[in-house]
Amino acid sequence: MTEGDKKYAGSLNHAMIDGPEGHAAQEYANHFGEPGYPDITKVYISQRYDGYTEENQETWRILYDRQMEFLATHASNVYLSGARSIKLVRDYIPYLEGPKSVNTFLAPLTGWQSRAVPGYLPAKAFFACLARREFPTTVVIRPKQSIDYLPEPDIFHDIFGHVPLHADPVFADFLQTYGQAALLTDDPYHTERLARLFWFTVEFGLIREDGRIKLYGSGLISSPGESKHSLTSDKVDRRPFDLDRVCDTSFEIDHYQPILYVLESFEQLRDAMNRYATQLIDAASKKTPTHA
Ligand SMILES: [Fe+2]
278 MTEGDKKYAG SLNHAMIDGP EGHAAQEYAN HFGEPGYPDI TKVYISQRYD
328 GYTEENQETW RILYDRQMEF LATHASNVYL SGARSIKLVR DYIPYLEGPK
378 SVNTFLAPLT GWQSRAVPGY LPAKAFFACL ARREFPTTVV IRPKQSIDYL
428 PEPDIFHDIF GHVPLHADPV FADFLQTYGQ AALLTDDPYH TERLARLFWF
478 TVEFGLIRED GRIKLYGSGL ISSPGESKHS LTSDKVDRRP FDLDRVCDTS
528 FEIDHYQPIL YVLESFEQLR DAMNRYATQL IDAASKKTPT HA
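For the sequence shown, our numbering gives the first residue as 278, with consecutive numbering after it.
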């Protein structure tokens, strides 16, 4: 994206991701899976933490304060307990490496790790990371001028929004199984269905806990506007989770979601994914189509 066609104010701190390491990693990611590009770890970069400016740190604190107070009563208990377990704090942008890093606290819980990447990963590279229990993580943070909305992931979305759930063993298993299934599936029919499943769970999922609907999807968790809208608006159709029905539902990315799916538990999601993965693995081994 060039400065001319971007859809937000301010500029990203490109010093964090530019340079030979970032360019080499992005180039590798763009070719991952082709002959000569088998090693997914080559898409990772270091976080270069000293590159964050004071304004970047302030942006994190503002976002954290604004969202965590609301989430304390409206986010899934699994999310909130995960955020405590990985020691997510308001005072500084999370470290991915070193003794204070989220990875240090996450490793003994589920084995998941967050790995810095230079930017957008093609689907197969993204799935290959998940299959290894590694979460590709954007390290730049949105410009302070665009604090309410950035049309692409940043570290607030990726760490604050996604990573606390990786501390939960059930969600952790689900996400790895998802990555393994998506990595081996080449059938466009199932690729589209898997993308919808990711969208309506990992990104925009709701869950019922103690009789109340709570947030867990990262797109909701990290969005001050849509987190409230998703729970309170009468324009949102909150449907019971059913994997086939989710996979049949198309979505659009540029407005608040009019349809959301509500889990009864993360075990429900894990078990549904396990059944779907078994079906996909069987189909891949026999090379037979699993749909008409
Ligand atoms: Fe996301």
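Here a beta-carbon is modelled for each residue, glycine too, at the ideal position from N, C-alpha and C. These numbers come from a predicted model, not from an experiment.
Taking non-hydrogen atoms of ligand 1 into account, the C-beta of serine 562 is found less than 7 Å away from none of them. In this structure, glycine 456 has its beta carbon at no less than 7 Å from each heavy atom of ligand 1.
Assignment of glutamine 534 by DSSP, reduced to helix, strand and coil, places it in the coil class. Relative to ligand 1, histidine 439 has its C-beta within less than 7 Å of a heavy atom.
Per DSSP, the continuous beta strand (DSSP E) segment holding valine 394 begins and ends at 390–394.
Between tyrosine 314 and leucine 442, the C-beta gap is not smaller than 8 Å, which leaves the two residues out of contact. Membership of lysine 563 in the alpha helix (DSSP H) is indicated by the continuous run 543–563. Across the set Arg338, Trp476, Asn333, the C-alpha of Asn333 shows the shortest separation from the C-alpha of histidine 291.
Separation of the CB atoms of phenylalanine 404 and serine 391 is rounded to 16 Å, and the pair is thereby denied contact status at 8 Å.
Annotation: the continuous beta strand (DSSP E) that includes arginine 489 extends over 489–492. Collapsing the DSSP output to three states places phenylalanine 477 in a helix. One alpha carbon belongs to histidine 439, the other to proline 395, and they sit about 18 Å apart. Taking the Cβ of glycine 496 as the reference point, at least one heavy atom of ligand 1 falls within a distance shorter than 7 Å. In the DSSP assignment, the residues bridged to valine 539 are Leu483, Pro517.
According to DSSP, glutamate 411 shares a beta bridge with Gln390. Bridge partners of alanine 286 according to DSSP: none are assigned.
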